[in-house]
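First comes the structure, then the notes that go with it.
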Amino acid sequence: MKILVTGGAGFIGSNYILFMLQTFPDVQITNVDKLTYAGNLENLSAIECKDSYCSRYRFIKGDIVDRILIDNLLSQGFDAVINFAAESHVDRSIEEAGIFIRTNVLGTQILLEGIKKYKVGRFIQISTDEVYGSLGPEGKFTEESYLKPNSPYSASKAGADLICRAYFKTFSLPVIITRCSNNYGPYQFPEKVIPLFITNAIENIPLPLYGDGLNIRDWIYVEDHCRAIDLVLRKGKVGEIYNIGGNCERTNITITQMILEKLNKPKTLITFVKDRPGHDRRYAIAADKIEKEIGWKPAHSFETGIDKTITWYLNNKSWWEKIKSGEYRNYYHQMYGNRSSL
Ligand code: NAD
Ligand code: TYD
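First residue of the sequence shown: 377, per our numbering; consecutive thereafter.
Given below as structure tokens:
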């Protein structure tokens, strides 16, 4: 199977490429990535320039909004395109929304035009549960839930989902949308809460907890998400949406305390800071459809997944130290300054 992966140098895309190439000898992957601040080819060092993979993997630096590049690439013939490429961080979308609309909405539409022109067999849009907005204390998001995005990030992802739906309805394109809950695991950029808090704790610097720390996310270990995407690619029904979730709701404060305990660090590192504007209170995914129709289930409990993740960040300090001492440090100070301690 010949697959074009977009955004494969980011967190989930790189985990997906490693999983696919290491699991299936018949899979060939082309990875097109703009290498924004979040793209890092070191994530793929296990396969980049390795003889055993060079006939099955190639990287192309490029922007999915570049129509000519995407047209040229898709003219080469692919069985499937998996669209991971996105601006993905809610706080950045609050600071500067424009790039989110450009990449997440326009980029998706440009890919769909290429899918139409070159009759690609499958297009998987990697979306998020955040398109559904925020839940109260009860209930879970199903595939039928209304789209009520609250941040510029989630609104741009919802926009992309609607463009996908329109291309399926109007042009019968073979589109499938997956909507996954919050991922964690190796190679996650340390601006997202779990890698930020693990690395801050290791460095003995404060863990900035937004608001009252009682917001809830439904966590999934990244490898479980990658396995779900593979099954959707092979067994999913065109035109359908599949929710993917780890059935693992936790408050932010619970996660923070767990990280500190596991690293043997004091609770005094927790610093309550000003809340994120429009902060969604609770996400929870009903993943019954993918479980029943496709036979997927998460393999990791939160306890197993977080242990693996903490161990990975402890063993791969040079990966994240480089990131945190570079461009990101300015960003972090700016963000942290904006949300000064209560
Ligand atoms: P990430 O920010 O780690 O990676 C995004 C990648 O896309 C980077 O490698 C970046 O260089 C690349 N990229 C950005 N703009 C591009 C462009 N215009 N052209 C080509 N490449 C571009 O994000 P992630 O956490 O790996 O998320 C991947 C996808 O999964 C996103 O679509 C995101 O919305 C979705 N998702 C993420 C989560 C999560 O918890 N991280 C949960 C559900 C869905
Ligand atoms: P994040 O990792 O940014 O993912 P998302 O906003 O897409 O769910 O945030 C996860 C939760 O952690 C969210 O409720 C916001 C909170 N959070 C903090 O309390 N402090 C932080 O520094 C960050 C980045 C997030």
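For each residue, glycine too, the CB sits at the ideal point set by N, CA and C.
| message | Taking 7 Å as the cut-off, is the beta-carbon of D656 closer than that to any non-hydrogen atom of the ligand NAD? | response | no
| field | Best match in S557, N628, W696 and R610 for proximity to A663 [C-alpha to C-alpha] | value | S557
| query | With respect to 7 Å, is the separation between the Cβ of K410 and the closest non-hydrogen atom of the ligand NAD below this value? | reply | yes
| Residues sharing a beta bridge with Q584, DSSP | Position check: residue 584 holds Pro in this sequence, whereas Gln was assumed. DSSP, once it has assigned bridges, lists T647 as partnering P584.
| Under the three-state DSSP convention, the category S548 falls into | coil
| request: Run the proximity test for A385: is its beta-carbon closer than 7 Å to any non-hydrogen atom belonging to the ligand NAD? | output: yes
| Rounded to a whole number of angstroms, what is the C-alpha to C-alpha distance between L590 and A422? | 38 Å
| query | What first and last residue would you give for the alpha helix (DSSP H) that runs through L607? | reply | V598 to K611
| query | Measuring from the CB of V466, is there a heavy atom of the ligand TYD at a distance below 7 Å? | reply | yes
| Can you tell me the Cα-Cα spacing of T647 and C425, whole angstroms? | 43 Å
| Within this structure, are the beta carbons of S548 and Y494 separated by less than 8 Å? | no
| task | Have a look at M377 and R434 and give me their C-alpha separation to the nearest angstrom. | result | 14 Å
| task | Please go through the same chain and pick out, in chain order, the residues whose beta-carbon is closer than 6 Å to the beta-carbon of A473, but skip the five residues on each side of it. | result | P528
| How big is the Cα-Cα spacing for F743 and I444? | Within the shown structure, residues of the chain are numbered from 377 to 718, placing residue 743 beyond reach of any answer.
| query | Run through DSSP, which three-state label would V614 get? | reply | coil
| query | Which residue's Cα is closest to the Cα of V598: F400, L583, I570 and R610? | reply | I570
| field | Cβ neighbours of G535 in the same chain (closer than 6 Å, five flanking residues each side left out) | value | V481
| the stretch 495-502 contacting the stretch 515-523, beta-carbon criterion three pairs below 8 Å | no
| request: Using only alpha-carbon positions, find the residue among Y543, G384 and T399 that is nearest to L607. | output: T399
| query | How about D439: is its Cβ closer than 7 Å to a heavy atom in the ligand NAD? | reply | yes
| Between the Cα of K650 and the Cα atoms of V466, G587 and N526, which residue gives the shortest distance? | G587
| field | Beta-carbon contacts of K643 that lie in its chain and below 8 Å, excluding the five residues immediately before and after | value | Q633 and L636
| field | Environment of A414 [buried if 16+ CB atoms lie within 10 Å] | value | buried
| field | L488 beta carbon less than 8 Å from that of T382 | value | no
| query | Where K668 and E616 are concerned, what is the direct C-alpha to C-alpha distance, given to the nearest angstrom? | reply | 14 Å
| query | In three-state DSSP terms, what is I699? | reply | helix
| said: Runs of 3 residues minimum, wholly inside the stretch 422-501: which ones carry the beta strand (DSSP E) assignment? | reply: 433-437 and 456-459
| message | Given this structure, state the Cα-to-Cα distance separating D402 from N459, to the nearest angstrom. | response | 20 Å
| Going along the chain, which unbroken runs of the beta strand (DSSP E) with 3 or more residues stay wholly within the stretch 381-425? | 404-409
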